[in-house]
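Participant:
In our numbering, the protein residues as written are 54 to 484.
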């Protein structure tokens, strides 16, 4: 008799957590576009290809336009999230899933644009402006802007309806619209309804989220610290991207010199907002210095006959963290086998966020807090040089604490497993 539980026997909360984890992974797909967006946007800045740099003004416009399109917090970024979530959430997704998401998002976006929120009486919407032809005046128009949240919901709806209807067969005379061709049509109607709902529902929801984020921001360095701890704590169940999405891509606003308004800690920083970086700066000391030091502590604590093997592995993941800011390979190496270490890591991440911000360091990234983003965004940052001494201090603290805790409590970190477990792992690797 099989011992595998049926779907009905699986607790509801496990299914919920599993779904949220899958969504968290799907959010990584659009986020993976950010390095390209950040590099393109950076090359288009005045001090690189622009008038105060190489003076290649037209080239700068090309790069700034390309990067700006991807970082646009009202259209480009939400559209990327809509497509990414749709593909990530649908089983055996194909190109029609993305087409359904694009169709739905464009309908939803166009409807929101028809209802500006701050046009004065007598003014009409024309492009992105409120125009009063009688008074011969024009001003920037404001719209309901669920931003990336709207894109995420469109992506979820697209995945759901694609999964449900991509194999539907209609009557013969409508056979052309069978299956995959039907889903974009359905999504056009669904997106229309969703946009109408947003016009009524989003203002109080958006205000509540903004109030919470503003409370965090007003806490100054304490708010940064709270965010850092929560960010790492949510990684345990794969849901840290939910917290990141709003703070990094939605909260706050900054008006660029051309009048374009951008939202989110990351997009504001890349657009040149000197006040941005509260929820990003403190990750640089951790990802570039502290976690690589933790990896070396794990390697040095390995059993002598396995130390060479573990050292090679840890050097690899340490370099990945230092250069790119991708930390999951290190973190997952001790997250579940030594949760005490991860608790220490979460708290120290919060400390790094708080200390960095309290010392006036404002830095940000397009993808993650690694060397690449540190170098290309140097001139956009405030006091970026301070990240190095802060990082070296945290590296020493991480190394000493990790090595002490591992040996004191005999934690089974990589290279310290019982002999029979290590032998089984070796046999599995051979297979």
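All residues carry an ideal CB built from backbone N, CA and C; glycine is no exception.
(1) Roughly how many angstroms separate the alpha carbons of residue 168 and residue 114, rounded to a whole number?
(2) What are the boundary residues of the beta strand (DSSP E) that residue 316 is part of?
(3) Since residue 239 contacts residue 218 with CB under 8 Å, what's their CB separation in whole angstroms?
(4) With which residues is residue 375 paired in a DSSP beta bridge?
(5) Is the separation between the beta-carbon of residue 348 and that of residue 319 shorter than 7 Å?
(6) So the candidates are 250, 234 and 457; which of them puts its Cα closest to the Cα of residue 206?
(7) Counting beta carbon pairs with one atom in the stretch 330-348 and one in the stretch 389-408, are three or more of them shorter than 8 Å?
(8) Given this structure, state the Cα-to-Cα distance separating residue 302 from residue 313, to the nearest angstrom.
(9) Under 7 Å Cβ to Cβ from residue 454, same chain only, skipping five residues before and after it: list those, please.
(10) Check residue 415 in the structure and name its three-state DSSP category.
(11) Rounded to whole angstroms, what's the CA-CA distance from residue 140 to residue 309? Just pull it up for me.
(12) Run through the DSSP bridge pairs and tell me what residue 489 is partnered with.
(13) Can you list, in chain order, the residues of its chain whose CB lies under 7 Å from that of residue 236, leaving out five sequence neighbours each side?
(14) Taking only the alpha-carbon atoms, compute the straight-line gap between residue 88 and residue 131 and give it to the nearest angstrom.
(15) Count the other CB atoms, across all protein chains shown, that sit within 10 Å of the CB of residue 117; report buried if there are 16 or more and exposed otherwise.
(16) Which residue wins for smallest C-alpha separation from residue 202, given the options 328, 300 and 112?
(17) Am I right that residue 350 and residue 456 are in contact with their C-beta atoms under 8 Å? What's the rounded C-beta distance?
(18) Quick one: complete beta strand (DSSP E) runs, 3+ long, within the stretch 393-475?
(19) Using the Cβ count rule (16 or more neighbours within 10 Å means buried), how would you classify residue 385?
(20) Between residue 451 and the rest of its own chain, which residues show a CB-CB distance below 6 Å, the 5 nearest in sequence each way excluded?
(21) Rounded to the nearest angstrom, what separates residue 447 and residue 278 at their Cα positions?
(22) Can you tell which of 332, 79 and 247 has its C-alpha closest to the C-alpha of residue 411?
(23) Who are the Cβ neighbours of residue 198 in its own chain at under 6 Å, not counting the five residues just before and after it?
(24) Note the first and the last residue of the continuous alpha helix (DSSP H) segment covering residue 242.
(25) Looking at the secondary structure, which residues open and close the alpha helix (DSSP H) in which residue 94 lies?
(26) Could you give the first and the last residue of the continuous alpha helix (DSSP H) run that contains residue 344?
(27) With C-beta atoms as the reference, is residue 120 less than 7 Å away from residue 82?
(28) What's the C-alpha gap between residue 85 and residue 211?
(29) Which residue comes first and which comes last in the alpha helix (DSSP H) that contains residue 134?
(30) In the DSSP assignment, find the unbroken alpha helix (DSSP H) run with residue 359 in it and report its ends.
(31) Flag this pair as yes or no: are the beta carbons of residue 247 and residue 162 separated by less than 7 Å?
(32) Quick one: what's got a C-beta closer than 8 Å to residue 400's C-beta in the same chain, skipping five residues either side?
(33) Based on Cα-Cα distance, which residue from 133, 145 and 144 lies nearest to residue 156?
(34) Please tell me whether residue 108 and residue 100 are closer than 7 Å, where the distance is taken between their beta carbons.
(35) Measure the beta-carbon distance from residue 136 to residue 146 and round it to whole angstroms, keeping in mind my assumption that it falls under 8 Å.
Facilitator: From the atom records:
(1) The straight-line gap from Cα to Cα measures roughly 31 Å.
(2) Bounds of the beta strand (DSSP E) holding residue 316 are 314-316.
(3) By a beta-carbon distance limit of 8 Å, residue 239 contacts residue 218. Their separation comes to about 6 Å.
(4) As computed with DSSP, residue 375 is found in no beta bridge at all.
(5) Not closer than 7 Å, so no.
(6) 250
(7) yes
(8) 15 Å
(9) Excluding sequence neighbours, residue 454 sits near 397.
(10) strand
(11) 32 Å
(12) Outside the modelled stretch of the chain, which goes from 54 to 484, sits residue 489, for which no answer is possible.
(13) Within the same chain, residue 236 has close Cβ partners 149, 153, 214, 215, 218 and 219.
(14) 16 Å
(15) buried
(16) 300
(17) 4 Å
(18) none
(19) exposed
(20) 343, 346 and 347
(21) Annotation: residue 447 to residue 278 spans about 15 Å, alpha carbon to alpha carbon.
(22) From the listed residues 332, 79 and 247, the smallest Cα separation to residue 411 is found for 332.
(23) Result list for residue 198: 127, in chain order.
(24) 235-271
(25) 87-96
(26) 344-353
(27) Judged by beta-carbon spacing, residue 82 lies beyond the 7 Å limit of residue 120, meaning their Cβ atoms are not closer than that value.
(28) Here the C-alpha atom of residue 85 lies approximately 20 Å from the C-alpha atom of residue 211.
(29) 129-142
(30) No alpha helix (DSSP H) contains residue 359, which DSSP labels as neither H nor E.
(31) no
(32) 282
(33) 133
(34) no
(35) Actually they do not touch by this definition, with Cβ atoms about 10 Å apart.
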